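To start, the structure itself, in structure tokens.
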């Protein structure tokens, strides 16, 4: 297939838009509903790599073909089924009482002085791994169907027939239907847009007969991808806190972690505790609909939760408003064969990042789907997940996570001071507390450092006012102060260098033998220039050292007409693997 260049793409969509002059004078409005819905995902069977999710940026629920988490085993080889939130974290008790302060750091030389990083695993594997794995994100609870055949035997995935599942992107509702023993079962799944609350409506005569019920089960915490340990029921508690005819409160205790689960229902049903960590909700005989809501909160919430029907209505309203505002791009009618696939990816990525990556914390690389890297987030990846929100006219979805940078400023300043630098050094892999994680690679990365400056600038473009400047001024200034102090003067060359030690975005290079990576050099210049603009807007004098450094940064290494990975690279072709940092230098900046 011929490569699609930007010029070729514009030519293609431009020719598709050629219409008579009369039509140009009265253009038909874009049908956003049709644009979105033609890309609704449809599932007809179990795909371990293709479960569907609902969420709101703060919580997400990933479902199997039943619309719940009924058959989890087939997905363990692909994308596990989890219920995850921004606030749901767990840590194992400290190993032999040891903490980060007991970790032996590795020594490096930089510009004639020593600097220490948490990159050494040898001789301290247990502590090293423990600091990486803690805290880890929780699976808040498995919510599935308990299904039985008429003879009482359990139902297996292959027993379901005529499976049809659709995620309606325009409403945020997941519609699932299948047949069991020849009888139709339907399920509607939704996430409330403003609360950590999930709603389920299951309908079938099998519900009335007691063959289909709702089962809620709770695991112990785990850093594994499925975020769940089902083998240690004695290490945690699921306490029945209070119970009424339409509501069951459950208190969860996992070591120092506590959270609350509020299960409520509007239909004629009753709940029973089936085991130490499992609760079963079933309708009374003759009731063919089971409508239930589960609300997850860090602490008990006495207020009555919204009903399932109110949650479905809130989801419909929220997603219609989401798709009806901001920018939209329609490629229907383009002569390029790839236009439909590009449009599909644009639509689906907007939905996925809104439910997975638009919360109060930077997202982990798998959002709120399942654990990757123990559920921690990698700040160098925050850009890909969230920088696009303001570009689409949805700056609020990025702003949600920027206050976190302000909250961890003290920890970031301390990290910089411990390493002999000014300003604030942002961690690479971290949890809510902002502590960096041991790694042979992570602590030596720096391309996350200018990100908050760019995020602030994107917010300012959306809200060019004094309030924006003052809210993010410290984040911008402290980021730039570290960048300026991190670069070192090469007196022989007369320029400022980045590293060694440094590991570029292209992580295959040895830190002691790497300096002046191309993307990082370009990003340093770009970020410091933006930070200087912020000082001007705030009515402050420019920082002379920022300008001095930016103008005297080392040149990017070039050989045979192409940029090299870094200043000590010998060739380009032999190192064209791992993260495409050249694409970032050219396409991001």
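In the numbering used here, the protein residues as written are 330 to 918.
Ideal placement from N, C-alpha and C gives every residue a C-beta, glycine not left out.
In this text, all values refer to a predicted model and were calculated from it rather than measured experimentally.
The Cβ atoms of residue 747 and residue 555 do not sit closer than 9 Å to each other.
CA-to-CA, the gap between residue 756 and residue 694 works out to about 15 Å.
Across the structure, residue 815 and residue 897 are spaced so that their CA atoms are roughly 19 Å apart. A straight line joining the alpha-carbon of residue 450 with that of residue 768 spans about 8 Å. Comparing alpha-carbon positions, the option among 861, 850, 908 lying closest to residue 882 turns out to be 850.
Listed in chain order, the alpha helix (DSSP H) runs fully inside the region 695–750 are 711–715, 717–720, 724–736, 738–747, counting runs of at least 4 residues. As the crow flies, the alpha-carbon of residue 386 is around 17 Å from that of residue 707. In the structure shown, the three-state DSSP call for residue 418 is strand. Each residue's CA atom was taken as its position, placing residue 749 and residue 737 some 19 Å apart. 448 is the residue among 448, 795, 559, 599 whose C-alpha sits nearest the C-alpha of residue 461. In this structure, 805 is the residue among 445, 400, 805 with its C-alpha nearest to the C-alpha of residue 866. According to the DSSP assignment, residue 520 belongs to the beta strand (DSSP E) that extends over 512–520. Taking the Cα positions, residue 521 is about 33 Å away from residue 511.
Spanning the alpha carbons of residue 513 and residue 486 requires a straight line of approximately 15 Å. Contact annotation: residue 383 and residue 490 have beta-carbon atoms that are not nearer than 9 Å. Residue pairing by DSSP puts residue 572 in a beta bridge opposite 577.
Residue pairing from DSSP places residue 543 in a beta bridge opposite 474, 610. Taking a cut-off of 8 Å for Cβ pairs, the region 715–734 and the region 684–704 touch, as three or more such pairs fall below it. Around the CB of residue 577, 16 or more other CB atoms lie within 10 Å, so the residue is classed as buried.
In the DSSP assignment, residue 384 forms a beta bridge with 389. The beta carbon of residue 773 sits closer than 8 Å to those of 446, 448, 830, 831, 832, 840, all from its chain and outside the five residues before and after it, given in chain order.
Spatial neighbours of residue 680 in its own chain (CB-CB distance under 6 Å, excluding positions within 5 residues in sequence) are listed in chain order as 498. Residue 893 sits away from residue 786, with the two beta carbons spaced by 9 Å or more.
The three-state reading of DSSP puts residue 359 in coil, since its state is none of H, G, I, E or B. Of the other Cβ atoms in all chains shown, 16 or more fall within 10 Å of the Cβ of residue 709; this residue is therefore buried. Here residue 783 really is in contact with residue 856; their C-beta atoms are around 7 Å apart, less than 8 Å.
Put simply, the backbone Cα of residue 624 is about 5 Å away from that of residue 591. The C-alpha of residue 670 lies about 46 Å from the C-alpha of residue 481. Per DSSP, residue 498 lies in no alpha helix (DSSP H) segment and is marked neither H nor E. According to the DSSP assignment, residue 819 belongs to no alpha helix (DSSP H) but to the beta strand (DSSP E) extending over 817–819.
In this structure residue 895 is in contact with residue 847, their Cβ atoms being roughly 7 Å apart against a cut-off of 8 Å. Secondary-structure assignment with DSSP links residue 483 through a beta bridge to 477. Annotated three-state conformation of residue 558 is strand, per DSSP. The Cβ neighbour count for residue 391, taken over all protein chains shown within 10 Å, is at least 16; the residue is labelled buried.
With contacts defined as CB atoms closer than 9 Å, residue 635 and residue 516 fail to qualify as a contacting pair. Exposure of residue 374 is indicated by the presence of fewer than 16 other C-beta atoms within 10 angstroms of its C-beta.
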